[in-house]
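**Student:** One structure, as structure tokens, below. Some questions next.
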Amino acid sequence: MKSAPPQKIQQTLADPKLQKAIYSATGRLAGNRRKTIAADVLPDYQELRQHAHDLKKHTLDHLDAYLEEFERNVAARGGKVIWASTGAEACAFIGNLARERGVKLVVKSKSMTSEEIHLNEHLEKDGIDAVETDLGEYIIQLAGEKPYHIIAPALHKTREQVAEVLHAEADSTPEDLTAIARVALREKFLAAGIGITGANFLVADSGAIVLVENEGNARLSSSAPAIHIAVAGIEKLIPRAQDLAVFLKLLGRSATGQPLSVYTSFLAGPRRAGEPDGPEEFYVVLLDNGRTKILADPGKRQSLYCIRCGACLNHCPVYRKIGGYSYPWVYSGPIGKILTPQFMGREQDPWLPFASSLCGACGEVCPVKIEIPKILLELRQEIVEKSGDRRERMAFRMFAWIMRHPHIYAQFRWVRKLRKLPAAGPLKAWLSQRDLPDLPKKSFREQWRERGRA
Amino acid sequence: MRLVDFPREDLAAKFSDALTALNGNVVLAPDLDAAQAHLRTMLAGKRVVASRAPILGGIGEEYSREACAAADIGVTSADFALADTGTLVFLTESRESRLISLLPPRHIAVIERDRILTSLDELLSRVPHPGVQSSAMVLITGPSRTADIEMRLVRGVHGPGEITVIIVGS
Chain A
1 MKSAPPQKIQ
11 QTLADPKLQK
21 AIYSATGRLA
31 GNRRKTIAAD
41 VLPDYQELRQ
51 HAHDLKKHTL
61 DHLDAYLEEF
71 ERNVAARGGK
81 VIWASTGAEA
91 CAFIGNLARE
101 RGVKLVVKSK
111 SMTSEEIHLN
121 EHLEKDGIDA
131 VETDLGEYII
141 QLAGEKPYHI
151 IAPALHKTRE
161 QVAEVLHAEA
171 DSTPEDLTAI
181 ARVALREKFL
191 AAGIGITGAN
201 FLVADSGAIV
211 LVENEGNARL
221 SSSAPAIHIA
231 VAGIEKLIPR
241 AQDLAVFLKL
251 LGRSATGQPL
261 SVYTSFLAGP
271 RRAGEPDGPE
281 EFYVVLLDNG
291 RTKILADPGK
301 RQSLYCIRCG
311 ACLNHCPVYR
321 KIGGYSYPWV
331 YSGPIGKILT
341 PQFMGREQDP
351 WLPFASSLCG
361 ACGEVCPVKI
371 EIPKILLELR
381 QEIVEKSGDR
391 RERMAFRMFA
401 WIMRHPHIYA
411 QFRWVRKLRK
421 LPAAGPLKAW
431 LSQRDLPDLP
441 KKSFREQWRE
451 RGRA
Chain B
1 MRLVDFPRED
11 LAAKFSDALT
21 ALNGNVVLAP
31 DLDAAQAHLR
41 TMLAGKRVVA
51 SRAPILGGIG
61 EEYSREACAA
71 ADIGVTSADF
81 ALADTGTLVF
91 LTESRESRLI
101 SLLPPRHIAV
111 IERDRILTSL
121 DELLSRVPHP
131 GVQSSAMVLI
141 TGPSRTADIE
151 MRLVRGVHGP
161 GEITVIIVGS
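Line by line, the protein sequences give chains A and B. The first sequence: position 122 = 122 (the numbering used here), numbered continuously. The second sequence: position 122 = 122 (the numbering used here), numbered continuously.
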């Protein structure tokens, strides 16, 4: 199988500061999670996971009905749903609306979906200034980079690097830097004509979107400008507002180890008569962009259950070594490994599902119980069946044949005598990152015979 | 849905513990007069924007965007509080604005003790359709925070860095 683009990976592995940053940040997030799901504080954690999984399964199995219910209820609350089958359609709608309303400045709160469709680049081309307002996103936007982690976008930046990006004193503390960003962004919030957010959940029975955050920038983006646009994948639906009791408990804990994130906004339509503030116009852009293709595959449909908590990244031995920029698309880590091939095509980066030790940690910590390891195996199988290496296939066929014929297998005793496998040919790359354990003095067969059981 | 099982009389203490753990402040006032007196001392000499909720007794400037942006302290009521997470719940039905609790660097909320519920589950069983009552239901759990720079916890990034809840009738 073709291997990963080695450059980013090698760079990350060779950078001790970056290694430490990734390792300690993901370790801390994982540790926080563990404390808030412990049996003494959340005895029904496993039941909640199963419940969340079942709710997502039910919703996606009946997505057509829930999407219609959602649209009806958004309209009943005075909002409007826009259906976008591609990212380009979503971006075009937003660009046009901004032009029609004469809006030149847009504030954005962190949204992986808008990263997925390259919304900022599209708006820039239309002459619209789109400012990221989540502190981490703001930093990486100024640095001209992409989010490093689903929930900690600037995880890879040291305070000195952040100070440089914000043109602050080199010895600024995180408190100083945060204060600088607060002041700069406050002006943007109050001047912007449109606020764009993602949505953590779309609530069918209420026609509402739910935003979960810690900073307050999603609240500001959805409340201060006259127009609020939420961009969300169609898989974000949940049936009822009451289901939030399940999902909110899992999301905060799995993401950052908080029983509840600081701000949860349940937003149903524009400001109503008698309400002092809130947007005058409310749009929800429902994005397909390949999701219905995944929906059509019953075995891998569960990839769409993801609530973007990032727990699988924090627990992944591969992500924790190679970091967020070694993955080819906006979604990194284990979830990226199953989403990217399904969204972008398996042939694009066929190495991706193979870049896993299949340790199973991702599936274990997933709050909605997506069987990531199983899906990785299915993707591997599909990729090999379609375009696998002929020599590799032949080698495995021979291996299987030998293993099924004990007398022939026994002829390969000499392999043990090599002590070390020759680091040449196809074995060279494989051995470059692995230490093989020493072989025991005697083979299993020899020991079996000696103990007189043959 | 799972209703947390602890005695109703412990709710204020439980709420107080949860919010204090998040670096929020809780003041227990025996009655409304005491609460308002306490509020006045906290607000003395500050620029204040406050909602017109009756429980606040008409203090401070009335809501306007400009007042919110300029104020030192925003004062609100709250519709409910959730004891197990130290959360305040706002439905704009009560004429609370979204920005008073968001723009000023400090937020003070005054709430009657009997508005404290056990948990998110109880809230959603009491208010199963928040969208019917108001365009926004906002849950606030402690001061605004971020850990985006070197995972260091910093409070008050976009929302208030300080939050105080005065519980009336405790």
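In this text, a Cβ means the ideal position worked out from N, Cα and C, and glycines have one as well.
Return yes when the Cβ of V203 (chain A) is within less than 9 Å of the Cβ of V212 (chain A), no when it is not.
**Tutor:** Judged by their CB atoms, V212 (chain A) and V203 (chain A) are not nearer to each other than the 9 Å cut-off.
**Student:** On the DSSP letters alone, give me the boundaries of the alpha helix (DSSP H) that F354 (chain A) sits inside.
**Tutor:** Neither: F354 (chain A) is in no alpha helix (DSSP H) and is coded neither H nor E.
**Student:** Could you tell me which residues DSSP pairs with W430 (chain A) in its beta bridges?
**Tutor:** Per DSSP, none; premise fails for W430 (chain A).
**Student:** Within the segment 127-211 of chain A, note down every full alpha helix (DSSP H) run reaching 4 residues or more, in order along the chain.
**Tutor:** 135-143, 159-165, 174-191
**Student:** Considering only C-alpha positions, which residue in the set B:E150, B:H107, B:E112, B:V132 is nearest to G24 (chain B)?
**Tutor:** Nearest to G24 (chain B) by alpha-carbon distance, out of B:E150, B:H107, B:E112, B:V132, is B:H107.
**Student:** Checking contacts by CB at 9 Å: is V157 (chain B) closer than that to chain A?
**Tutor:** yes
**Student:** How long is the line joining the alpha carbons of R434 (chain A) and R159 (chain A), rounded to whole angstroms?
**Tutor:** 34 Å
**Student:** Here's the rule: buried if 16 or more other CB atoms are within 10 angstroms of the residue's CB, otherwise exposed. What is K249 (chain A)?
**Tutor:** buried
**Student:** What does N457 (chain A) reach in chain B if we use C-beta pairs closer than 9 Å?
**Tutor:** Look at the range of chain A in this structure, 1 to 454, and you will see that residue 457 (chain A) is not part of it.
**Student:** Within its chain, find whatever has a CB closer than 7 Å to the CB of K35 (chain A); leave out the 5 residues flanking it on each side and keep chain order.
**Tutor:** Excluding sequence neighbours, K35 (chain A) sits near G257.
**Student:** Using beta carbons (cut-off 9 Å, strictly below), is E150 (chain B) in contact with chain A?
**Tutor:** It does; some Cβ of chain A falls within 9 Å.
**Student:** Measure the C-alpha to C-alpha separation of I111 (chain B) and L19 (chain B) and round it to an integer number of angstroms.
**Tutor:** 14 Å
**Student:** Can you tell me which of A:Y319, A:D64, A:N289 puts its alpha carbon nearest to the alpha carbon of I117 (chain A)?
**Tutor:** A:N289
**Student:** Count the other CB atoms, across all protein chains shown, that sit within 10 Å of the CB of D72 (chain B); report buried if there are 16 or more and exposed otherwise.
**Tutor:** exposed
**Student:** Here's the rule I'm using: 16 or more other beta-carbon atoms within 10 Å means buried, otherwise exposed. How should V415 (chain A) be labelled?
**Tutor:** exposed
**Student:** Restricting to Cα atoms, I'd like to know which of A:K337, A:A208, A:D126, A:Y319 is closest to R271 (chain A).
**Tutor:** A:A208
**Student:** Taking DSSP's pairing of strands, which residues face E112 (chain B) in a bridge?
**Tutor:** B:V168
**Student:** Is the shortest distance between the beta-carbon of P174 (chain A) and the beta-carbons of chain B less than 9 Å?
**Tutor:** Chain B contact via Cβ: present.
**Student:** Alpha carbon to alpha carbon, what distance is there between C362 (chain A) and T113 (chain A)?
**Tutor:** 21 Å
**Student:** Can you round the beta-carbon distance between G195 (chain A) and S221 (chain A) to whole angstroms, since I take them to be within the 8 Å contact cut?
**Tutor:** 4 Å
**Student:** Among B:T87, B:D114, B:G57, which one has its Cα closest to the Cα of I163 (chain B)?
**Tutor:** Nearest to I163 (chain B) by C-alpha distance, out of B:T87, B:D114, B:G57, is B:T87.
**Student:** When you compare only the Cα positions, how much space is there between R404 (chain A) and C366 (chain A)?
**Tutor:** Taking the straight line joining both Cα atoms gives about 38 Å.
**Student:** Tell me whether L39 (chain B), by its Cβ, gets closer than 8 Å to a heavy atom of the ligand MN.
**Tutor:** Because no ligand of any kind appears in the structure shown, any question about the ligand MN cannot be addressed here.
**Student:** Please report how far the alpha carbon of K417 (chain A) lies from the alpha carbon of S357 (chain A), in whole angstroms.
**Tutor:** One Cα belongs to K417 (chain A), the other to S357 (chain A), and the distance between them is close to 28 Å.
**Student:** If we ignore side chains and look at the alpha-carbon of each, how far apart do M1 (chain A) and D134 (chain A) end up?
**Tutor:** Confidence is the limiting factor: at M1 (chain A) the pLDDT is only 45, short of 50, which leaves the residue's position unreliable, though a coordinate-based value still follows. Whole-angstrom Cα-Cα distance: 39 Å.
**Student:** Give me the residue from A:R186, A:T340, A:I322, A:W430 with the minimum Cα distance to K20 (chain A).
**Tutor:** A:I322
**Student:** Counting only beta-carbon separations shorter than 9 Å, does D72 (chain B) have a partner in chain A?
**Tutor:** no
**Student:** Taking K110 (chain A) as the reference, which of A:V131, A:R49, A:K157 has the closest Cα?
**Tutor:** A:V131
**Student:** Span of the alpha helix (DSSP H) holding E66 (chain B)?
**Tutor:** Run containing E66 (chain B): 65-70, per the alpha helix (DSSP H) assignment.
**Student:** Between A:M394, A:P437, A:P43, which has its C-alpha nearest L421 (chain A)'s C-alpha?
**Tutor:** A:P437
**Student:** Kindly indicate if chain A contains any beta-carbon less than 9 Å away from that of L117 (chain B).
**Tutor:** Taking Cβ atoms only, chain A never reaches closer than 9 Å to L117 (chain B), which makes this a no.
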